[in-house]
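Keeping their order, the protein sequence lines are chains A and B. The opening position of the first sequence corresponds to residue 70 in the numbering used here, with each subsequent residue numbered one higher. The opening position of the second sequence corresponds to residue 9 in the numbering used here, with each subsequent residue numbered one higher. Okay, structure first, notes after.
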Amino acid sequence: MALLDIDNLHARIGGDHGKEILKGLSLTVNPGEVHAIMGPNGSGKSTLSYILAGKDDYEVTDGAVTFDGENLLDMEIDERAAKGVFLAFQYPIEVPGVATMTFLRAALNAQRKKRGEAEVSTPDFLRLVKERAGHLGINQDMLRRGVNVGFSGGEKKRAEILQMAILQPKLCILDETDSGLDIDALKVVSEGVNALRSPDRAMIVITHYQRLLNHIVPDFVHVMNKGRIVRSGGKELALELEANGYAEYQQDAA
Amino acid sequence: MNAEIRPIRTPAEQGLSGELKALSRAGGPRIAALREAAAQAFHDNGLPHRRVEEWKYTDLRTLMREALPLATPAPVAQVEAHQSLLLDTGLRRIVVANGVVVPELSDLADLEPGLSILPLAQALAGGSEALARLGALQPGRYDAALALNTALATDGVVIEIAEGAQIARPVHVAHVVSGQRPAASFARSLVVVGAGAHFTYAESFEGPAGLAYQVNSATEFVVGDEAHLDVVRLQEDSASALHLSTLLFEIGRAAKVHAFSFGIGAGVARTTLYASLEGEDSQVGFNGAFLLKGRQHADATLFLDHQVPGCESRELFKTVLDDSARGVFQGKIVVRQAAQKTDGRMMSRALVLGDDAEMDNKPELEIFADDVQCGHGATCGAIDDDLLFYLRARGIPLKDAQSLLVQAFVGEAIETVEHEGLREALVERAEAWLAARG
Numbered sequence: 070m071a072l073l074d075i076d077n078l079h080a081r082i083g084g085d086h087g088k089e090i091l092k093g094l095s096l097t098v099n100p101g102e103v104h105a106i107m108g109p110n111g112s113g114k115s116t117l118s119y120i121l122a123g124k125d126d127y128e129v130t131d132g133a134v135t136f137d138g139e140n141l142l143d144m145e146i147d148e149r150a151a152k153g154v155f156l157a158f159q160y161p162i163e164v165p166g167v168a169t170m171t172f173l174r175a176a177l178n179a180q181r182k183k184r185g186e187a188e189v190s191t192p193d194f195l196r197l198v199k200e201r202a203g204h205l206g207i208n209q210d211m212l213r214r215g216v217n218v219g220f221s222g223g224e225k226k227r228a229e230i231l232q233m234a235i236l237q238p239k240l241c242i243l244d245e246t247d248s249g250l251d252i253d254a255l256k257v258v259s260e261g262v263n264a265l266r267s268p269d270r271a272m273i274v275i276t277h278y279q280r281l282l283n284h285i286v287p288d289f290v291h292v293m294n295k296g297r298i299v300r301s302g303g304k305e306l307a308l309e310l311e312a313n314g315y316a317e318y319q320q321d322a323a
Numbered sequence: 009m010n011a012e013i014r015p016i017r018t019p020a021e022q023g024l025s026g027e028l029k030a031l032s033r034a035g036g037p038r039i040a041a042l043r044e045a046a047a048q049a050f051h052d053n054g055l056p057h058r059r060v061e062e063w064k065y066t067d068l069r070t071l072m073r074e075a076l077p078l079a080t081p082a083p084v085a086q087v088e089a090h091q092s093l094l095l096d097t098g099l100r101r102i103v104v105a106n107g108v109v110v111p112e113l114s115d116l117a118d119l120e121p122g123l124s125i126l127p128l129a130q131a132l133a134g135g136s137e138a139l140a141r142l143g144a145l146q147p148g149r150y151d152a153a154l155a156l157n158t159a160l161a162t163d164g165v166v167i168e169i170a171e172g173a174q175i176a177r178p179v180h181v182a183h184v185v186s187g188q189r190p191a192a193s194f195a196r197s198l199v200v201v202g203a204g205a206h207f208t209y210a211e212s213f214e215g216p217a218g219l220a221y222q223v224n225s226a227t228e229f230v231v232g233d234e235a236h237l238d239v240v241r242l243q244e245d246s247a248s249a250l251h252l253s254t255l256l257f258e259i260g261r262a263a264k265v266h267a268f269s270f271g272i273g274a275g276v277a278r279t280t281l282y283a284s285l286e287g288e289d290s291q292v293g294f295n296g297a298f299l300l301k302g303r304q305h306a307d308a309t310l311f312l313d314h315q316v317p318g319c320e321s322r323e324l325f326k327t328v329l330d331d332s333a334r335g336v337f338q339g340k341i342v343v344r345q346a347a348q349k350t351d352g353r354m355m356s357r358a359l360v361l362g363d364d365a366e367m368d369n370k371p372e373l374e375i376f377a378d379d380v381q382c383g384h385g386a387t388c389g390a391i392d393d394d395l396l397f398y399l400r401a402r403g404i405p406l407k408d409a410q411s412l413l414v415q416a417f418v419g420e421a422i423e424t425v426e427h428e429g430l431r432e433a434l435v436e437r438a439e440a441w442l443a444a445r446g
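Below, the structure is given as structure tokens:
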């Protein structure tokens, strides 16, 4: 069974006269697969990620999204997270006054509670965070600070991957995780992501550039334009896009 | 005679005027004269209303419908039944029930050297040097709550800290209302902190849930040169009660004063803080956090009077408003011509959770000196949707996400409380308030 099945998804920005952004998008993702979605600015990539996570600024007008056999669109935001949907934000939000440790623990235990699992004990939690944070070069000081507060762009992205590593989702959606990263940071983040690749877990990697896909090698590459997937292929498609740009697809769709 | 037109007296004003006819004579001629002057001022001015600028958002003439009979002392066993969480933090506790010190429940033994605690009634009866300071601090304007307190309070606590004494264990004055009948309690306290001394003073207010009682408390603080005073207040009166409190600070040179007001109780609460900065290079911090729900109304009003050069004042007040609660913040910083190099900053932030909640912010600066740094700000808004989405996208349910964000919001103010036990007690109170939102 597919982990994620998006069928003919249409969506617009909230309100009756909102602009339609997704115009019949279909995509099937199986466990273990890594899908890259590439495309020009404004093609609807980030909108897709927000709709999957449940942001209520958007309204689905047609189509269906099935996650692990259930209707994803019916679920509350936090319910989706507990079922295993994780969105790594393009611009992670700063949450002053809520320490990263407190936040991670609240999130993990809320998800476990929702799934009917026991809360994680304090020593187990501390051990888990320490180990995962170490791999990502996140120090104790960052963990004590407010979530993302005063973090550099690269630190914010690493913190997102740490959250992913702790929460162990089934589907990771990485929204332009490479934006704002220098080459060293890109390596650390990619290694963090690759460590989470597993036969049970799928990933959707949204990016503008082929560069990220040198580090996180996808099984499939999709080109998105004007709210639809206009071409799909293997990882070699990314190289072709890098060489030729998106112009060809933008003309096709026009 | 003044030919001023007198407004029609409300039932509450008439009732209070009745109580003011027979004033206590304890404490000698100076105190008696203070009481008489206060009673006369009330007689002349009555309860403040919305056309009185300082009470613009807390119209006491409307909000205080009736004058309640004066409270009578409560049986010790009945008072003992009240248990406040704040009482468990290892502080030296003095219980003031219905405005009267209860020695049986108060920890008056083995006072540290340099610490003296005396019930006000005893000080008035027997004379005490500190009494010369009582009522010495006048706000310079008519304040009905303070006038009524001055005229009617007969007990409270007189605390003196000797010069240079470092009193590690805070003194906690627990104001408790006890009884089944609504009554009015008045308590007056005086805290004199000697030069170079260090002292932490806590006061709390509580009473039977659902009882529509009235509490009027006033505490005067005389802070000596280079002294360090921390004040922490926890107001959790019954949601039907009327709470009026006044704090007056006279601050010497190079002193440090921090006062934190935490309020989750009372139907109508008004806290007024007056600070008179009379010595150079002192630092004052007035902070507070209020969590209000239902139809609660809480007003925090501050007056800071910078009279001398080189002082610093900081105010940060956080108000959380659920349901149709109403919060009021009024802060006035006066910088006299002599008070060059004053550094004053005032901020009031409100977080509105309820659709019908209201916040009134009124910061004021009155600056007569030309070389100062002063600023104020006020914000009022709902919880940020992007923050909520981020927390929920990690699996935290809506209510829990709101609670985390509200805790963070008030936490910024609560963090300024230096004493760890008291700080934690306040955090727990905020958590309990949030948990009760369900």
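Just so it is clear, CB atoms sit at the ideal spot from N, CA and C, and this is done for glycine as well. Every value quoted in this text rests on a predicted model; they were computed, and no experiment measured them.
Check whether the stretch 202-221 of chain B touches the stretch 233-252 of chain B, counting contact only when three or more Cβ pairs, one atom from each stretch, lie closer than 8 Å. yes
Using 9 Å as the limit for Cβ to Cβ distance, is A:VAL198 near chain B? So, not an interface residue.
State the DSSP-derived secondary structure class of A:GLN279, mapped to helix, strand or coil. coil
Bounding residues of the beta strand (DSSP E) (the contiguous stretch that carries B:ILE169): 165-169
Beta-carbon within less than 8 Å of A:ASN263's beta-carbon, same chain only, minus the 5 sequence neighbours each way: which residues are those? Counting only Cβ-Cβ distances below 8 Å, and skipping sequence neighbours, we find HIS284 and ILE285.
Can you pull out the residues from the stretch 265-295 of chain A whose beta carbon lies closer than 7 Å to at least one beta carbon of chain B? none
Under 8 Å by Cβ, that's how I've got B:PHE294 and B:GLU323 pegged, so tell me the actual separation to the nearest angstrom. The distance from the Cβ of B:PHE294 to that of B:GLU323 is about 5 Å, consistent with a contact at the 8 Å cut-off.
By the 10 Å Cβ neighbour count, where 16 or more other Cβ atoms means buried, how is A:SER190 classified, buried or exposed? exposed
Would A:GLN232 count as contacting chain B if we go by Cβ distances under 9 Å? yes
Secondary structure of B:LEU252, DSSP reduced to three states: Strand at B:LEU252.
Say whether the stretch 329-346 of chain B touches the stretch 307-315 of chain B, bearing in mind that this needs 3 or more beta-carbon pairs closer than 8 Å, one atom from each stretch. yes
Which residues in chain B sit within 7 Å of A:ILE146, going by Cβ to Cβ distance? Under the 7 Å cutoff, chain B gives PHE397, ARG400 and ALA401.
Measure the C-alpha to C-alpha separation of B:MET9 and B:LEU28 and round it to an integer number of angstroms. Residue placement at B:MET9 is flagged as unreliable, the pLDDT there being 48, under the threshold of 50; a coordinate-derived value is accordingly withheld.
Enclosing alpha helix (DSSP H) for B:PRO371 [first to last residue]: No alpha helix (DSSP H) contains B:PRO371, which is instead part of the beta strand (DSSP E) from 366-375.
Mind checking A:ASN110: buried by the 16 CB within 10 Å criterion, or exposed? By the neighbour-count definition (other C-beta atoms within 10 Å, threshold 16), A:ASN110 is an exposed residue.
Could you work out which residues of chain A lie near B:ASP394, taking near to mean beta carbons separated by less than 8 Å? ILE162
Taking DSSP as the reference, what is the three-state secondary structure of A:THR135? strand
Please state the DSSP three-state secondary structure of A:ALA323. With a pLDDT of only 42 at A:ALA323, under the threshold of 50, the placement of this residue in the model should not be trusted, and no figure is reported.
Start and end residues, alpha helix (DSSP H) containing A:ASN324: Nothing can be reported for residue 324 of chain A: it is not among the residues displayed for chain A, which extend from 70 to 323.
CA nearest to the CA of B:GLY202, picked from B:SER225, B:PHE194, B:GLU214 and B:VAL230: B:VAL230
Pairwise C-alpha distance: B:TYR398 and B:GLY107: 49 Å
With distances taken from CA atoms, which of B:ALA277, B:ARG189, B:GLU214 and B:ILE169 is nearest B:HIS236? B:ILE169
One or two residues paired with B:MET72 in a DSSP bridge: Bridge partners of B:MET72: none, in fact.
Looking only at its own chain, which residues have a Cβ that is under 7 Å from the Cβ of A:LYS92, when we skip the five neighbours before and after it? Sequence-distant partners of A:LYS92 (beyond 5 residues in either direction) whose C-beta falls short of 7 Å from its own C-beta, in its chain, are HIS79, LYS295, GLY296 and ARG297.
For A:ILE146 and B:ALA346, what's the separation of their Cα atoms in angstroms? 58 Å
Inside the stretch 280-309 of chain A only - alpha helix (DSSP H) runs reaching at least 4 residues: Fully enclosed alpha helix (DSSP H) runs of 4 or longer: 280-284.
Please list, in chain order, all residues of the same chain as A:ASP74 whose beta carbon is under 6 Å from its beta carbon, the five residues on each side excluded. Counting only Cβ-Cβ distances below 6 Å, and skipping sequence neighbours, we find THR97 and THR135.
To the nearest angstrom, how far is the alpha carbon of B:ASP307 from that of B:THR66? 7 Å
For A:ILE90, name the three-state secondary structure that DSSP assigns. strand
Cβ neighbours of A:ASP85 in the same chain (closer than 8 Å, five flanking residues each side left out): none
Measure from the alpha carbon of B:GLN348 to the alpha carbon of each residue in B:LYS301, B:LEU285, B:ILE404 and B:THR387, then state which is nearest. B:LEU285
What is the DSSP secondary structure of B:PHE325, counted as helix, strand or coil? strand
A:PRO165, DSSP secondary structure in three states: strand
For B:VAL104, which three-state DSSP category applies? strand
Own chain, CB closer than 8 Å to B:ASP163, minus 5 neighbours either side, in chain order: If we look at B:ASP163 and ignore the five residues flanking it on each side, its Cβ neighbours are VAL104, GLY107, VAL108, VAL109, PRO127, LEU128, ALA129, ALA195 and ARG196.
Pop quiz: B:THR70 and B:ASN157 are said to be a contact at Cβ under 8 Å. What is the actual Cβ separation, rounded to whole angstroms? Contact flag wrong, Cβ pair sits at about 21 Å.
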